[in-house]
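Residue numbering for the sequence shown follows the UniProt record's numbering, starting at 1 and increasing by one per position. Working notes for the structure below.
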Amino acid sequence: MKTTPTPTVAVPSPRPAEPHARTCQIAVVGTGGIATVHAGDIDRLGDRARIVAAVDTDPDRLTEFCARWSIPRQYTKLEAMLDAERPDLVDLATPPGLHTAQAIACLARDLTVWCEKPPVLSLAELDQIAAAEAGSGGSFATVFQHRFGSGAQRLRALVAAADPRLGAPMTAVCHTLWYRPDEYFHVPWRGSFEVEGGGPTMGHGIHQIDLVLSILGDWREVVAVADRRARPTRTEDVSAALVTLDSGAVVTVLNSLLSPRETSYLRFDFAHATVELEHLYGYRDEDWRVTPAPGHADPVTEAWADGPTGQPSGHHAQLSVVVSALAAGQPPPVTLPDTRVTMELVAAIYASAFTGAPVRRGQIDETSSFYYRMDGNGAPWEA
């Protein structure tokens with residue numbers, strides 16, 4: 001019989017839950033840099049949501065975080081929080097290597113989880129979470145906030161409707177060209193497949209990869225390369241891939257931590273228009289540019305004028321939708337099946353890069369070493 005752990009930090013008794021439809025009660029696990037971003041965006045939701053508890057193994061950082069965001073209860077162990085609280089949402093803002101066990105623990109309590117990227121270290125771990133979700137009253141969602149800006153919503157709707165004003169998708173570009181100095185990898189959990197899950201393909205470019213797939217649809221095959229060229233890391237610091245989608249469109253994907261002029265650049269070429277997005281860590285409507293093909297200016301301009309405007313991408317945009325879904329009794333986006341499409345492509349990029357062979361969707365299963373680790377049996381440079 002499992003014993004009930006006690007908090008290692010003295011905390012007051014939980015308050016009675018407020019009406020769910022009025023205020024979404026959130027517990028934040030991890031109080032580092034990304035948790036601070038989440039807390040700020042939760043605060044912007046006003047009385048729609050509030051943080052009622054926080055968890056961190058570092059008592060000093062935890063106390064500082066709770067004081068900054070007026071969080072009433074704090075715990076240094078996740079199990080202690082789970083024993084004492086019944087939040088509407090558990091926000092996992094911890095290092096990637098902790099996500100799977102923490103998510104399963106929350107789902108075992110019928111709690112809903114919103115998890116930072118990368119949500120897991122492997123497809124095997126993602127399937128473990130899916131099995132836990134299947135037996136839970138809660139659900140699991142991944143932080144992929146770039147899906148929720150109005151520009152992406154607008155383009156996604158046009159593609160989903162096969163709008164003839166844009167025409168069929170032909171090709172796309174997905175570049176995450178960032179810069180991280182050697183000092184970036186001094187953080188203990190960075191720079192290894194065992195703890196971080198991968199390099200820029202997994203931890204950085206995954207945002208742009210997910211956004212492209214959410215707009216253009218499922219992928220079919222990938223051919224890729226990856227290398228460790230400069231950084232003191234066991235993972236790659238650059239990768240490139242050629243991805244064929246189910247539609248037949250071809251996407252070039254480049255992920256780098258070696259690019260002094262940082263940019264996140266997406267380009268979608270349709271039969272009648274090019275749609276471009278350039279930003280760094282979040283975009284606004286004005287970061288999108290549409291170029292009609294000759295003779296198509298009026299219908300393309302009309303098509304792009306349809307749909308939502310004014311919503312920047314970011315955690316606040318996704319959180320707003322998450323809170324609305326919970327209030328309606330619905331699983332919040334991005335669901336596990338949505339996440340798996342992206343994670344499977346990331347795994348396939350590593351598999352293709354490390355084996356030198358094309359990889360088709362569905363090929364990485366329990367018989368493949370890349371199902372259990374993104375580096376399979378090990379990166380080539382580790383040999």
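Note that beta-carbon positions come from the ideal geometry of N, C-alpha and C, so glycine has one too.
**Asked** Given Gln363, which residues of its chain have a CB within under 6 Å of its CB, disregarding the five upstream and five downstream residues?
**Response** The count along the sequence shown starts at 1 and reaches residue 363 at position 363. Excluding residues up to 5 positions away in sequence, nothing lies with its Cβ nearer than 6 Å to the Cβ of Gln363 in the same chain.
**Request:** Evaluate the contact criterion for the segment 307–322 versus the segment 150–166: three or more CB pairs, one atom per stretch, below 8 Å.
**Result:** Flag = yes, the segment 307–322 and the segment 150–166 touch.
**Item:** Closest residue to Leu266 among Ile206, Ala327, Asp246 (Cα-Cα distance)
**Value:** Stepping through the sequence shown from its first residue, residue 266 is reached at position 266. Cα-wise, what sits closest to Leu266 is Ile206.
**Request:** Using alpha carbons as the reference points, say which of Leu98, Glu116, Pro95, Asp182 lies closest to Gly314.
**Result:** Taking the sequence shown and counting its residues from 1, the one referred to as residue 314 is at position 314. The option with the nearest alpha carbon to Gly314 is Glu116.
**Asked** For Glu221 versus Thr244, is the C-beta distance shorter than 8 Å?
**Response** In the sequence shown, residue 221 corresponds to position 221, counting from 1. In the sequence shown, residue 244 corresponds to position 244, counting from 1. Result yes, Cβ atoms of Glu221 and Thr244 sit closer than 8 Å.
**Three-state secondary structure (DSSP) of Thr3** = On the sequence shown, residue 3 is found 3 positions in, with the first residue counted as 1. Caution applies to Thr3, whose pLDDT of 38 falls short of 50 and renders its modelled position unreliable; the model cannot decide the point.
**C-alpha gap between Thr112 and Thr94, whole angstroms** = Taking the first residue of the sequence shown as position 1, residue 112 is located at position 112. Taking the first residue of the sequence shown as position 1, residue 94 is located at position 94. If you take the alpha carbons of Thr112 and Thr94, they lie about 16 Å apart.
**Request:** Confirm, please, whether the CB-CB distance from Trp219 to Arg340 is below 8 Å.
**Result:** As a working note, residue 340 is residue 340 in the sequence shown. As a working note, residue 219 is residue 219 in the sequence shown. Their beta carbons are not under 8 Å apart, which means Arg340 does not touch Trp219 by this criterion.
**Request:** Using a Cβ-Cβ cut-off of 8 Å, state whether Ala168 counts as contacting chain B.
**Result:** Going by chain labels, chain B is absent from the structure shown, which holds only one protein chain.
**Extent of the continuous alpha helix (DSSP H) run through Asp338** = Within the sequence shown, the letter at position 338 stands for residue 338. First-last of the alpha helix (DSSP H) with Asp338: 336–355.
**Item:** Terminal residues of the beta strand (DSSP E) in which Met170 lies
**Value:** Numbered from its first residue, the sequence shown carries residue 170 at position 170. Boundaries of the beta strand (DSSP E) harbouring Met170: 169–179, taken from the DSSP string.
**Message:** Rounded to the nearest angstrom, what separates Ala54 and Glu79 at their Cα positions?
**Reply:** Reading the sequence shown from its first residue, position 54 is the one you call residue 54. Reading the sequence shown from its first residue, position 79 is the one you call residue 79. Their Cα atoms are separated by approximately 12 Å.
**Asked** Looking at Ala39 and Trp69, is the spacing between their C-beta atoms short of 8 Å?
**Response** Stepping through the sequence shown from its first residue, residue 69 is reached at position 69. Stepping through the sequence shown from its first residue, residue 39 is reached at position 39. Taking 8 Å as the Cβ cut-off, Trp69 and Ala39 qualify as a contacting pair.
**Asked** Does DSSP classify Ser320 as helix, strand or coil?
**Response** The count along the sequence shown starts at 1 and reaches residue 320 at position 320. Three-state DSSP puts Ser320 in a helix.
**Prompt:** Which residues does DSSP pair with Leu242 in a beta bridge?
**Reply:** Position 242 of the sequence shown, counted from the start, is the residue given in the question as residue 242. Answer by DSSP bridge pairing, in chain order: Val223, Thr252.
**Asked** Sorted by chain position, which residues of the same chain lie with C-beta nearer than 8 Å to Ala17's C-beta, five sequence neighbours on each side aside?
**Response** Counting from 1 along the sequence shown, the entry for residue 17 is found at position 17. The pLDDT assigned to Ala17 is 38, lower than 50, so where the model puts this residue is not dependable; a value taken from the coordinates is nonetheless given after this. Once the five neighbours on either side are set aside, the close Cβ partners of Ala17 are Gln25, Arg86.
**Prompt:** What residue from Glu344, Tyr372, Glu366, Arg373 has the CA that sits closest to Val359's CA?
**Reply:** Translated into positions along the sequence shown, residue 359 becomes position 359. Answer by Cα proximity: Glu344.
**Message:** With H, G and I counted as helix, E and B as strand and the rest as coil, what does DSSP make of Pro292?
**Reply:** For the purposes of this step, residue 292 is taken as residue 292 along the sequence shown, with counting starting at 1. Correct three-state label for Pro292: strand.
**Item:** Inter-residue Cα distance where the pair is residue 384 and Leu45
**Value:** Any property of residue 384 remains undetermined from this structure, which presents the chain solely from 1 to 383.
**Request:** May I have the straight-line CA-CA distance separating Gln330 from Arg284, to the nearest angstrom?
**Result:** The residue you call residue 330 lines up with position 330 of the sequence shown. The residue you call residue 284 lines up with position 284 of the sequence shown. Approximately 28 Å between the Cα atoms of the pair.
**Request:** Measure how close the beta-carbons of Ala303 and Leu166 come, nearest whole angstrom, since I'm counting them as under 8 Å.
**Result:** For the purposes of this step, residue 303 is taken as the residue at position 303 of the sequence shown. For the purposes of this step, residue 166 is taken as the residue at position 166 of the sequence shown. At roughly 6 Å, the Cβ-Cβ gap stays under 8 Å, so Ala303 and Leu166 are in contact.
**Message:** Taking 6 Å as the limit between beta carbons, can you name the residues of its chain near Pro260, skipping five residues before and five after?
**Reply:** As a working note, residue 260 is residue 260 in the sequence shown. Here the set comprises Tyr179.
**Request:** Rounded to whole angstroms, what's the CA-CA distance from His316 to Gly295? Just pull it up for me.
**Result:** Position 316 of the sequence shown, counted from the first residue, corresponds to residue 316. Position 295 of the sequence shown, counted from the first residue, corresponds to residue 295. If I take the Cα positions, the gap works out to 39 Å.
**Message:** On the criterion of 16 or more Cβ atoms from any shown chain inside 10 Å, does Pro188 qualify as buried, or is it exposed?
**Reply:** Sequence index remark: in the sequence shown, residue 188 carries index 188 (1-based). Exposed, because fewer than 16 other Cβ atoms sit within 10 Å of the Cβ of Pro188.
**Message:** Quick check: what's the CA-CA separation for His279 versus Asp58?
**Reply:** One-based indexing of the sequence shown puts residue 279 at position 279. One-based indexing of the sequence shown puts residue 58 at position 58. Using only the alpha carbons, I get a separation of about 34 Å.
**Request:** Count the other CB atoms, across all protein chains shown, that sit within 10 Å of the CB of Arg229; report buried if there are 16 or more and exposed otherwise.
**Result:** Walking along the sequence shown from the start, residue 229 turns up at place 229. That one is exposed.
**Prompt:** DSSP puts His279 in a beta bridge; with which residues?
**Reply:** Counted from its first residue, the sequence shown places residue 279 at position 279. Per DSSP, Ser264.
**Request:** Label Thr23 either buried or exposed according to how many other C-beta atoms from any shown protein chain fall within 10 Å of its C-beta, with 16 as the threshold for buried.
**Result:** Stepping through the sequence shown from its first residue, residue 23 is reached at position 23. Buried, because 16 or more other Cβ atoms sit within 10 Å of the Cβ of Thr23.
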